[in-house]
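Here's the structure, in structure tokens; my notes come after.
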Amino acid sequence: MTTDILSISGVGKRFGGLRALDDVNLNVKKGSIHAIIGPNGAGKSTLLNCLVGRIIPDQGTVTFDGGSLLGHKPHAINQAGIARVFQTPEIFGELTVMENVMIPAFAKHDGAFRVNAWQRARERGAVREEAEHILDDLNLWDQRDHIVNSMSRGDKRRLELAMCLVQHPKLLLLDEPTAGMSRADTNNTVDLLKKIAERGITKVIIEHDMHVVFSLAEKVSVMAQGTVIAEGSPEEIKASETVQEAYLGGAHL
Amino acid sequence: MSQSVMTSGNRPEKGMGKSPAERTEPTGSGLRGFMRSSGGDYLLLAVFAAAILTMPIWLAPIGAGYPDILQKFAIFGIFALGFNILFGFSGYLSFGHAAFLGVGSYAAVWMFKLLSMNAFPALIFAVLVSGVFALLIGFVSLRRSGIYFSILTLAFAQMSYNLAYSVLTPITNGETGLQVNRSDPRILDQLFGGTSMTVPDIFGVQLQGWAGFYFCAVLLILAFFITMRIKNSTFGLMLFAIKANQTRMSFTGFSTRPYLLTAFVISGMYAGLAGGLLAVTDPLAGAERMQWTASGEVVLMTILGGVGTLLGPVIGAAVIKYLEQIFSSFNEGLLHRAFDFLPTAVQDIVVAIVAPFVGEGWQLTLGLMFMIVVIFLPGGIMEGVGRIARRVRRDKPSDDGAASKAGH
Amino acid sequence: MDAIILQILNGLDKGGAYALIALGLTLIFGTLGVVNFAHGALFMLGAFCAVTFERVLTLSERVRDPSVTFFEAYKEVPYLTIWYGDAGQAIVDWAVPLSIILAIPVMLIVGLAMERGLIRFFYKRSHAEQILVTFGLAIVLQEIVKYFFGANPIPLTAPSALTGSVDLGHWLGLTGISYPLWRIVYFLFSLVVIAAVFAFLQLTTFGMVVRAGMADRETVGLLGINISRKFTIVFGIAAVVAGLAGVMYTPILAPNYHLGMDFLVLSFVVVVVGGMGSLGGAVLAGFLLGILQSFASMTEVKAIVPGIDQIIIYLVAVVVLLVRPRGLLGRKGVMEA
Ligand SMILES: Nc1ncnc2c1ncn2[C@@H]1O[C@H](COP(=O)(O)OP(=O)(O)O)[C@@H](O)[C@H]1O
Ligand SMILES: [Mg+2]
Numbered sequence: 006m007t008t009d010i011l012s013i014s015g016v017g018k019r020f021g022g023l024r025a026l027d028d029v030n031l032n033v034k035k036g037s038i039h040a041i042i043g044p045n046g047a048g049k050s051t052l053l054n055c056l057v058g059r060i061i062p063d064q065g066t067v068t069f070d071g072g073s074l075l076g077h078k079p080h081a082i083n084q085a086g087i088a089r090v091f092q093t094p095e096i097f098g099e100l101t102v103m104e105n106v107m108i109p110a111f112a113k114h115d116g117a118f119r120v121n122a123w124q125r126a127r128e129r130g131a132v133r134e135e136a137e138h139i140l141d142d143l144n145l146w147d148q149r150d151h152i153v154n155s156m157s158r159g160d161k162r163r164l165e166l167a168m169c170l171v172q173h174p175k176l177l178l179l180d181e182p183t184a185g186m187s188r189a190d191t192n193n194t195v196d197l198l199k200k201i202a203e204r205g206i207t208k209v210i211i212e213h214d215m216h217v218v219f220s221l222a223e224k225v226s227v228m229a230q231g232t233v234i235a236e237g238s239p240e241e242i243k244a245s246e247t248v249q250e251a252y253l254g255g256a257h258l
Numbered sequence: 034m035s036q037s038v039m040t041s042g043n044r045p046e047k048g049m050g051k052s053p054a055e056r057t058e059p060t061g062s063g064l065r066g067f068m069r070s071s072g073g074d075y076l077l078l079a080v081f082a083a084a085i086l087t088m089p090i091w092l093a094p095i096g097a098g099y100p101d102i103l104q105k106f107a108i109f110g111i112f113a114l115g116f117n118i119l120f121g122f123s124g125y126l127s128f129g130h131a132a133f134l135g136v137g138s139y140a141a142v143w144m145f146k147l148l149s150m151n152a153f154p155a156l157i158f159a160v161l162v163s164g165v166f167a168l169l170i171g172f173v174s175l176r177r178s179g180i181y182f183s184i185l186t187l188a189f190a191q192m193s194y195n196l197a198y199s200v201l202t203p204i205t206n207g208e209t210g211l212q213v214n215r216s217d218p219r220i221l222d223q224l225f226g227g228t229s230m231t232v233p234d235i236f237g238v239q240l241q242g243w244a245g246f247y248f249c250a251v252l253l254i255l256a257f258f259i260t261m262r263i264k265n266s267t268f269g270l271m272l273f274a275i276k277a278n279q280t281r282m283s284f285t286g287f288s289t290r291p292y293l294l295t296a297f298v299i300s301g302m303y304a305g306l307a308g309g310l311l312a313v314t315d316p317l318a319g320a321e322r323m324q325w326t327a328s329g330e331v332v333l334m335t336i337l338g339g340v341g342t343l344l345g346p347v348i349g350a351a352v353i354k355y356l357e358q359i360f361s362s363f364n365e366g367l368l369h370r371a372f373d374f375l376p377t378a379v380q381d382i383v384v385a386i387v388a389p390f391v392g393e394g395w396q397l398t399l400g401l402m403f404m405i406v407v408i409f410l411p412g413g414i415m416e417g418v419g420r421i422a423r424r425v426r427r428d429k430p431s432d433d434g435a436a437s438k439a440g441h
Numbered sequence: 161m162d163a164i165i166l167q168i169l170n171g172l173d174k175g176g177a178y179a180l181i182a183l184g185l186t187l188i189f190g191t192l193g194v195v196n197f198a199h200g201a202l203f204m205l206g207a208f209c210a211v212t213f214e215r216v217l218t219l220s221e222r223v224r225d226p227s228v229t230f231f232e233a234y235k236e237v238p239y240l241t242i243w244y245g246d247a248g249q250a251i252v253d254w255a256v257p258l259s260i261i262l263a264i265p266v267m268l269i270v271g272l273a274m275e276r277g278l279i280r281f282f283y284k285r286s287h288a289e290q291i292l293v294t295f296g297l298a299i300v301l302q303e304i305v306k307y308f309f310g311a312n313p314i315p316l317t318a319p320s321a322l323t324g325s326v327d328l329g330h331w332l333g334l335t336g337i338s339y340p341l342w343r344i345v346y347f348l349f350s351l352v353v354i355a356a357v358f359a360f361l362q363l364t365t366f367g368m369v370v371r372a373g374m375a376d377r378e379t380v381g382l383l384g385i386n387i388s389r390k391f392t393i394v395f396g397i398a399a400v401v402a403g404l405a406g407v408m409y410t411p412i413l414a415p416n417y418h419l420g421m422d423f424l425v426l427s428f429v430v431v432v433v434g435g436m437g438s439l440g441g442a443v444l445a446g447f448l449l450g451i452l453q454s455f456a457s458m459t460e461v462k463a464i465v466p467g468i469d470q471i472i473i474y475l476v477a478v479v480v481l482l483v484r485p486r487g488l489l490g491r492k493g494v495m496e497a
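Chains as they are written, first to last, in the working numbering: chain B, 6 to 258; chain L, 34 to 441; chain G, 161 to 497.
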């Protein structure tokens with residue numbers, strides 16, 4: 006019980022007539038990697054939206070690290086320790102890679118709002134150092150002066166991950182981090198995620214690629230039509246017939 | 034560790050990976066300032082200051098070497114610099130910034146009337162009042178973004194304009210405009226064996242003619258310096274980040290609205306300073322300064338020069354004010370004289386074609402410029418200069434290598 | 161009671177003008193996604209179509225005035241009167257409504273030219289750039305008009321049969337409500353135009369596509385329907401509607417070159433209050449704000465809140481944007497920002 010960093014219970018959300026989330030219950034253990042899988046439109050992204058304050062659920066509760074998340078603004082939720090990688094990268098397209106990573110580091114150091122209109126951003130040594138370390142870790146150092154709009158898709162995803170990691174979040178939410186990536190890039194990302202797993206950041210990862218899921222996750226939740234239909238270890242999920250029928254269809258295994 | 038890690042090759046095995054030429058040039062975003070060395074900034078400031086202070090010399094050949102027009106360059110340069118902090122840095126297009134200009138003028142003239150003809154109290158009061166005014170308007174307008182924000186600011190500016198002409202006549206003196214009279218109380222001046230002068234001064238130096246210009250010029254340089262600091266600061270970086278992706282900003286842990294409100298207020302204070310200076314150089318304030326065409330003008334200055342750049346808005350303001358001066362002073366007689374080297378028949382045709390664009394028709398030229406800039410040069414003069422500079426730089430090596438080839 | 165009815169009536173003609181301009185703005189914004197700051201200029205161009213038409217009809221010849229006998233006096237007599245007598249005189253008298261004949265093709269051409277020549281290049285650019293380029297265009301259009309027609313307002317008159325007032329109180333069982341006839345005509349005219357636009361959108365296939373486009377632009381694009389051609393026509397229609405509003409408004413307010421700017425700001429406010437992208441909202445808000453404005457101009461109201469008549473519309477917009485950003489009839493989630 007106390008080891009759950011995130012517990013979602015009874016969360017529901019409707020969009021007009023569409024029941025996007027319907028009584029979702031989910032608990033994430035501290036320090037674990039928890040995968041959410043499910044067909045397109047199952048409501049996975051919508052669930053993450055509820056967690057980060059983009060959407061307010063109609064019913065249910067979300068508890069993170071002992072406090073409720075509901076009703077808080079996105080920035081407050083981030084300050085509480087949740088960072089998110091989006092399904093389509095949300096990055097600062099017109100800025101450089103270095104700036105992209107420094108900005109979240111500033112959020113960690115200076116809080117949600119602090120006007121420092123005199124000191125040069127680049128002279129904030131501590132912030133720079135952290136940003137440099139992350140860039141180094143994620144093999145983005147060479148590209149640090151690039152305008153991110155000009156980067157490849159895979160690099161953008163990696164950058165967004167760097168932007169989250171620089172904040173040392175307690176919980177990292179990843180929405181299809183390997184979608185649209187080549188095999189090689191996917192493998193790199195998996196290696197990377199394994200590497201950072203050692204830092205003890207709890208991760209919730211939405212993923213379509215079963216290789217990724219089964220090589221990373223300790224626990225898997227399967228969503229379909231807005232609700233969790235199965236939950237268990239990767240092996241249990243592989244073996245589950247409900248899941249096979251609802252989603253995997255055997256083809257992926 | 035903290036200084037210039039990037040260039041000193043702290044991580045040589047990686048830092049040398051690409052030659053500078055292979056690096057993607059940050060094009061037209063005007064963001065390179067963040068990582069520029071502070072030495073470069075002070076050089077820019079020094080060059081800027083020298084250029085502004087010597088304007089009377091190097092602008093004389095094009096007929097702009099007199100104080101009236103040069104101080105307009107400086108004042109509207111300040112206005113555009115401030116507008117750029119909001120629109121250029123954070124991407125929020127205010128269509129009501131002239132309201133702050135007008136409020137600044139009124140506030141300054143009231144100080145002249147009540148306290149003293151000294152410019153400092155007037156300017157301080159102008160900046161404060163417009164800052165408070167901007168705080169109120171910004172607080173409401175910034176609840177929305179995009180075109181809604183533009184429309185809200187426009188609505189507030191129109192309200193102020195309409196009120197200045199109607200109920201607020203006791204404060205604004207309506208259509209006549211607010212003026213300084215000999216009979217005004219001017220408490221401080223009375224106290225210190227006051228003058229009966231109605232010309233603003235700084236401690237005895239009357240701010241007319243060249244003194245007026247240099248006073249404005251120094252304030253412009255100061256405003257430029259502050260803008261430069263803001264641009265390179267953490268706060269500036271946050272504004273550019275909001276412009277690039279406001280959604281990401283909030284999911285990154287920033288409360289964006291206070292940042293925007295701060296930028297809005299700073300920008301309103303610049304406008305107030307500019308408005309105050311207009312009153313210093315000519316102690317009169319009228320509501321027409323608040324009209325939305327005036328708000329449109331500062332937008333044009335900023336985009337003409339280069340949105341988000343440091344120098345652009347100042348250049349844009351000067352270009353517009355210069356063209357305004359030139360174009361609106363022409364009439365048909367002058368045109369005929371200007372084209373008298375042509376045969377009479379041709380001369381008549383040319384004059385007939387040009388005439389609609391000059392004199393009363395200056396606004397037409399302004400409108401056309403507006404369209405041309407937005408359509409063809411959305412990055413403004415600074416981007417144009419950048420493009421040319423890049424082409425020149427690219428041409429150079431090929432000149433060396435292929436010097437024997439048939440040139441142009 | 162009488163005073164209230166009178167104020168409502170007073171707001172209807174202005175409300176009609178707001179509604180017609182706002183309707184076009186919303187059509188353009190909803191289908192093309194463009195913020196058109198030059199829409200007020202189209203209203204102004206319409207008004208100057210009427211001015212032009214009236215000038216053409218009243219082209220005159222100087223003839224000896226026989227009624228003056230003790231010296232040689234001359235007077236200007238329109239050719240139409242000389243050629244066709246009373247019939248010609250009647251045509252001159254009806255110049256304003258008749259100029260609709262000129263305004264429709266002219267405004268259609270202006271609208272199509274604007275869309276093809278300028279607006280279509282801005283579909284993909286930011287709202288800020290759209291605002292700026294159309295703002296520039298608005299200045300250009302008004303300055304061109306100023307060049308040809310001067311800066312002073314040019315008064316036009318309604319047909320003599322439609323000038324003067326009617327005693328509305330007579331119909332309503334009240335006394336003392338006498339109301340200028342032309343303003344009633346304008347109100348009815350605006351209703352007819354609005355009805356025509358709605359009928360067009362509801363009853364034709366073309367209209368169906370346009371409505372679908374307003375609801376979901378991307379999907380309609382995916383259906384393979386050439387919406388770009390359709391949207392050009394939408395722009396033309398919006399221009400005609402604004403132009404007609406301008407033509408008929410001339411007897412109420414003598415047009416000058418900056419008439420468009422004056423109405424544009426207010427019409428934008430109307431669109432926002434009605435709900436960006438909602439046609440019904442634009443119409444409703446147009447009339448509501450027109451009426452509200454006329455109430456605010458009552459001396460009794462101004463005595464309580466001085467200056468309220470100057471700012472009421474803006475105040476309403478601010479309140480609406482803050483309290484109900486999608487506007488009166490706007491759909492939830494659409495264009496809320
Ligand atoms: N903001 C929204 N408004 C309306 N419908 C939405 C919204 N967000 C998601 N939906 C709908 O909710 C359903 C679940 O979507 P999503 O959570 O993105 O699925 P996925 O599991 O593929 O991530 C989909 O049918 C989607 O169309
Ligand atoms: Mg998804």
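Think of the CB as a built atom: it goes at the ideal place given N, C-alpha and C, for glycine as much as any other residue.
Close-in-space but distant-in-sequence residues of the same chain around residue i (CB under 7 angstroms, 5 per side omitted)
i, result
"G490 of chain G", "G435, M436, G437, S438 and G441"
"G434 of chain L", "Here G434 of chain L scores only 39 on pLDDT, less than 50, and its place in the model should not be relied on; the value that follows carries that caveat. Correct list: empty, nothing qualifies."
"T191 of chain G", "V370, G373, M374, F391 and V394"
"N30 of chain B", "I13, S14, G15 and V233"
"A79 of chain L", "none"
"E357 of chain L", "W395"
Test item: CB-CB of residue i and residue j under 7 angstroms
i, j, result
"A88 of chain B", "T51 of chain B", "no"
"G419 of chain L", "N83 of chain B", "no"
"G349 of chain L", "A131 of chain L", "no"
"A120 of chain B", "F133 of chain L", "The question names Ala, but residue 120 of chain B in the sequence shown is Val. Not closer than 7 angstroms, so no."
"P233 of chain L", "M302 of chain L", "no"
CB-CB length for residue i against residue j, believed under 8 angstroms
i, j, result
"M323 of chain L", "A197 of chain L", "6 angstroms"
"L164 of chain B", "M156 of chain B", "7 angstroms"
"A288 of chain G", "L126 of chain L", "4 angstroms"
"Y239 of chain G", "S220 of chain G", "7 angstroms"
Cβ neighbours of residue i in the same chain (closer than 6 angstroms, five flanking residues each side left out)
i, result
"W217 of chain L", "In the sequence on display, residue 217 of chain L carries Asp and not Trp. The residues are K146."
"A233 of chain G", "D225"
"G66 of chain L", "With a pLDDT of 44 at G66 of chain L, under the threshold of 50, the predicted position of this residue should be treated as unreliable, though the coordinate-derived value follows. K264 and N265, listed in sequence order."
"A182 of chain G", "S427, V430, V431, A442 and G446"
Residues of its chain near residue i, where Cβ-Cβ distance is below 8 angstroms and the 5 sequence neighbours each way are ignored
i, result
"L452 of chain G", "G171, I472, I473 and V476"
Requested in this report: Report yes or no: do the region 456 to 475 of chain G and the region 202 to 219 of chain G share at least 3 C-beta pairs separated by less than 8 angstroms?
Outcome: no
Query raised in the report: When the Cβ atoms of the region 163 to 179 of chain G are set against those of the region 363 to 375 of chain G, are three or more pairs found closer than 8 angstroms?
Result: no
Query raised in the report: Which residues count as close to ligand 1 when the rule is a CB under 5 angstroms from any of its heavy atoms, in chain order?
Result: B:F20, B:A25, B:N45, B:G46, B:A47, B:G48, B:K49, B:S50 and B:T51
Query raised in the report: Do the region 237 to 245 of chain B and the region 217 to 228 of chain B make contact, defined as three or more Cβ pairs closer than 8 angstroms?
Result: yes
Query raised in the report: Counting Cβ pairs closer than 8 angstroms, one from the region 97 to 116 of chain B and one from the region 192 to 200 of chain B, do we hit at least three?
Result: no
**Report entry** Cβ contact check for the region 199 to 214 of chain G and the region 397 to 406 of chain G: 3 or more pairs under 8 angstroms
**Finding:** yes
Requested in this report: Would you be able to state if there are at least three C-beta pairs under 8 angstroms between the region 245 to 254 of chain G and the region 380 to 397 of chain L?
Outcome: At 8 angstroms Cβ cutoff, the stretches do not touch.
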